[in-house]
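So for the sequence shown, the working numbering puts the first residue at 39; every next one is plus one. By construction, the Cβ of each residue, glycine as well, lies at the ideal position given by its N, Cα and C atoms.
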Amino acid sequence: MMLLGLFPASIALASQSVMITVTKGFGLSLYASDLGDIKQMTMGDNGTLFVGSQKSGTVYALVDTDQNGQVDKRYLIARGLEYPEALAFHDGALYVTEEDRIIRFEDIESRLRRPSRAREVYSNLPNLDKKYSRSMRFGPDGRLYVSIGSPCNVCEASSPFGSIVAINVDTGASEQIAFGLRSVTGFDWAPDDKKLWFADLGRNWMGDNIPADEINRVDIKGSHFGFPYLHGTDVVEPAYDKPKNLNVIVPEFELPAHVAPTGLSFYRGQQFPERYQHKIFVAENGSWNRSSKVGYQIVMLDIENNKINQRETVVSFLDGEFPVARPFDVINAPDGAMYISDDLKGNVYRLFYNAPEQSQESN
Numbered sequence: 039m040m041l042l043g044l045f046p047a048s049i050a051l052a053s054q055s056v057m058i059t060v061t062k063g064f065g066l067s068l069y070a071s072d073l074g075d076i077k078q079m080t081m082g083d084n085g086t087l088f089v090g091s092q093k094s095g096t097v098y099a100l101v102d103t104d105q106n107g108q109v110d111k112r113y114l115i116a117r118g119l120e121y122p123e124a125l126a127f128h129d130g131a132l133y134v135t136e137e138d139r140i141i142r143f144e145d146i147e148s149r150l151r152r153p154s155r156a157r158e159v160y161s162n163l164p165n166l167d168k169k170y171s172r173s174m175r176f177g178p179d180g181r182l183y184v185s186i187g188s189p190c191n192v193c194e195a196s197s198p199f200g201s202i203v204a205i206n207v208d209t210g211a212s213e214q215i216a217f218g219l220r221s222v223t224g225f226d227w228a229p230d231d232k233k234l235w236f237a238d239l240g241r242n243w244m245g246d247n248i249p250a251d252e253i254n255r256v257d258i259k260g261s262h263f264g265f266p267y268l269h270g271t272d273v274v275e276p277a278y279d280k281p282k283n284l285n286v287i288v289p290e291f292e293l294p295a296h297v298a299p300t301g302l303s304f305y306r307g308q309q310f311p312e313r314y315q316h317k318i319f320v321a322e323n324g325s326w327n328r329s330s331k332v333g334y335q336i337v338m339l340d341i342e343n344n345k346i347n348q349r350e351t352v353v354s355f356l357d358g359e360f361p362v363a364r365p366f367d368v369i370n371a372p373d374g375a376m377y378i379s380d381d382l383k384g385n386v387y388r389l390f391y392n393a394p395e396q397s398q399e400s401n
């Protein structure tokens, strides 16, 4: 089924009819399916979409050769890897986290059928004996930025847990950019001033409505963003006392507790209307330990004068208390659309804009 919905739309899923709600003017199509527990995505120079799994240990390359908005060729780049959920693309090469290291597949888009043997480029990630979240992207300075989550719900973890690290992949030199993080898998740089923004998931088991999930910005390298001592703007952690000399940077914006903002990207395309351009899109993976569900949606954060002034839903995958999908990552597509990964169903969706008069529904 190609067209999944336009504001709002009912679709057939197995024997059920479920609702995906899409903001008027936008459309949502199924770009690829049956990809396992996919997490993060990255885009090649030639438009190849790479997706990495977590537990299934696979990396796929997806190609839309006829550019009709749906994948018609898929390639298995690697299998049997240990948690290859974090991907990045740079200078023709695909970078993948695997166990406690980062590996690189050279000249990957010309070798999708027979990828070259991966080469290790960095080996100082924390050991996976303690499972933690991680993601990576290349920054404007050409370094590979890797987020290394804390291996706990709440704890004082040793460095480099709970930080974002910038790595020179040629020399192996690294620098810690931000500290005091819990679980960061979505980050991006603002198109205008190149400041680094990231989403951080708040701790669990403090109740339905606290603490907030966070949107943060790195204005000064080496800043501390509070974990585990301070959650959100003002929720003090009862288990640990903040060191007296520690200066904590509070969030730029608070999201509702437990929405789980796992993906974050600035929209850099021209297809969406002007009010969406250069704004932050966030994939809210959704709550799992709350009495009623929240999240399970793609939201846009409107920024004016470098401040977020509102949050609005663009796509909701929550039909009542039933999650149709769990969006994990959201990235820009070459044609101005955006891709959304779904770690619940193993799908990739394509979010595009239709002029309202062209909108239609399909069941």
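Inset, instruction - Evaluate residue 300 with the Cβ neighbour count: other Cβ atoms within 10 Å of its Cβ, from every protein chain shown; 16 or more gives buried, anything less gives exposed. - result: Result: buried.
Inset, instruction - Answer yes or no: do residue 58 and residue 297 have a C-beta to C-beta separation smaller than 7 Å? - result: No, they are not a contact pair.
Legend entry - Assigned secondary structure, residue 398 (DSSP; H/G/I helix, E/B strand, else coil): Any reading at residue 398 is ruled out, since the residue's pLDDT is 40, under 50, leaving its predicted position unreliable.
Inset, instruction - Quick one: which unbroken beta strand (DSSP E) runs of 3-plus residues sit fully inside the stretch 157-184? Chain order, please. - result: Within the stretch 157-184, the complete beta strand (DSSP E) segments at least 3 residues long are 157-160, 172-176, listed from N- to C-terminus.
Legend entry - Nearest-angstrom Cα separation, counted from residue 217 out to residue 201: Cα to Cα, the separation comes out at about 4 Å.
Legend entry - Residues near residue 83 in its chain [Cβ-Cβ closer than 6 Å; skip 5 each side]: Hits under 6 Å: none found.
Legend entry - Distance between residue 335 and residue 390 (C-alpha atoms, nearest Å): Approximately 15 Å, taken between the alpha carbons.
Inset, instruction - Would you kindly work out how many angstroms separate the C-alpha atoms of residue 287 and residue 325, rounded to a whole number? - result: Looking at the two C-alpha atoms, the distance is approximately 25 Å.
Legend entry - Inter-residue Cα distance where the pair is residue 263 and residue 223: Rounded to whole angstroms, residue 263 to residue 223 spans 15 Å at the Cα level.
Legend entry - Helix, strand or coil at residue 350 according to DSSP, with G and I counted as helix: Of the three classes helix, strand and coil, the one that applies to residue 350 here is strand, per DSSP.
Legend entry - Residue-chain proximity (residue 164, chain C), Cβ-Cβ < 7 Å: Judged by its chain identifiers, the structure shown contains no chain C, having just a single protein chain.
Inset, instruction - Could you tell me the distance, in whole angstroms, from the CA atom of residue 107 to the CA atom of residue 275? - result: In a straight line, the C-alpha of residue 107 is about 47 Å away from that of residue 275.
Inset, instruction - Going by DSSP, name the residue or residues bridged to residue 91. - result: Answer by DSSP bridge pairing, in chain order: 76.
Legend entry - Contact the stretch 372-380 vs the stretch 68-81: 3+ CB pairs below 8 Å: Contact between the stretch 372-380 and the stretch 68-81 is present, because at least three Cβ pairs lie under 8 Å.
Legend entry - Where residue 116 falls, given that 16 or more other Cβ within 10 Å makes a residue buried: Residue 116 comes out buried.
Legend entry - Contacts around residue 157, its chain only, beta-carbon distance under 6 Å, and the 5 residues preceding and following it disregarded: If we look at residue 157 and ignore the five residues flanking it on each side, its Cβ neighbours are 142.
Inset, instruction - Determine which residues share a DSSP beta bridge with residue 357 and list them. - result: Answer by DSSP bridge pairing, in chain order: 360.
Legend entry - Straight-line Cα distance separating residue 215 from residue 285: Answer to the nearest angstrom: the Cα atoms are 15 Å apart.
Legend entry - residue 311, buried or exposed, once every other Cβ within 10 Å from all chains shown has been counted against 16: Exposed.
Inset, instruction - Would you mind reading off the limits of the beta strand (DSSP E) that contains residue 251? - result: Secondary structure note for residue 251: its beta strand (DSSP E) is the uninterrupted segment 251-256.
Legend entry - Between the CA atoms of residue 318 and residue 235 - distance to the nearest angstrom: If I take the Cα positions, the gap works out to 9 Å.
Inset, instruction - Would you tell me roughly how many angstroms separate the C-alpha atoms of residue 258 and residue 233, rounded to the nearest one? - result: Rounded to whole angstroms, residue 258 to residue 233 spans 10 Å at the Cα level.
Legend entry - residue 333 versus 353, 70, 208, 91, residue with shortest Cα-Cα distance: Of 353, 70, 208, 91, the residue nearest in Cα terms is 353.
Legend entry - Three-state secondary structure (DSSP) of residue 115: Correct three-state label for residue 115: strand.
Legend entry - Reference residue 269, options 197, 174, 240, 126, closest by Cα: Looking at 197, 174, 240, 126, the one whose alpha-carbon comes closest to that of residue 269 is 240.
Legend entry - beta strand (DSSP E) segment containing residue 151, residue limits: Unbroken run through residue 151: none, as it is neither H nor E.
Legend entry - Top-ranked residue by Cα proximity to residue 191, from 171, 339, 355, 68: Closest by alpha carbon: 171.
Inset, instruction - State the beta-bridge partners of residue 345 as determined by DSSP. - result: Bridge partners of residue 345: 342.
Legend entry - residue 135 to residue 388 span [Cα, whole Å]: It is roughly 25 Å from the alpha-carbon of residue 135 to the alpha-carbon of residue 388.
Inset, instruction - List the endpoints of the continuous beta strand (DSSP E) containing residue 209. - result: Looking at the DSSP string, residue 209 is not in any beta strand (DSSP E), and its letter there is neither H nor E.
Legend entry - Reduced DSSP secondary structure (H/G/I, E/B, other) of residue 248: Reduced to three states, the DSSP call for residue 248 is coil.
Legend entry - Three-state secondary structure assigned by DSSP to residue 312: Correct three-state label for residue 312: helix.
Legend entry - Close Cβ partners of residue 194 (< 8 Å) along its chain, the five nearest in sequence each way excluded: Residues of the same chain with a CB within less than 8 Å of the CB of residue 194, apart from the 5 flanking positions on each side, are 266, 278 in chain order.
Inset, instruction - Go ahead and pull the three-state DSSP assignment for residue 390. - result: Note: residue 390 maps to strand in three-state DSSP.
Inset, instruction - Compute the beta-carbon to beta-carbon distance between residue 346 and residue 248, rounded to the nearest angstrom, for a pair I have assumed lies under 8 Å. - result: With 8 Å as the limit, residue 346 and residue 248 do not qualify as a contact, their Cβ atoms being about 20 Å apart.
Inset, instruction - Within its chain, find whatever has a CB closer than 6 Å to the CB of residue 175; leave out the 5 residues flanking it on each side and keep chain order. - result: Within the same chain, Cβ atoms closer than 6 Å to the Cβ of residue 175 are found at 126, 183, the five residues on either side in sequence being excluded.
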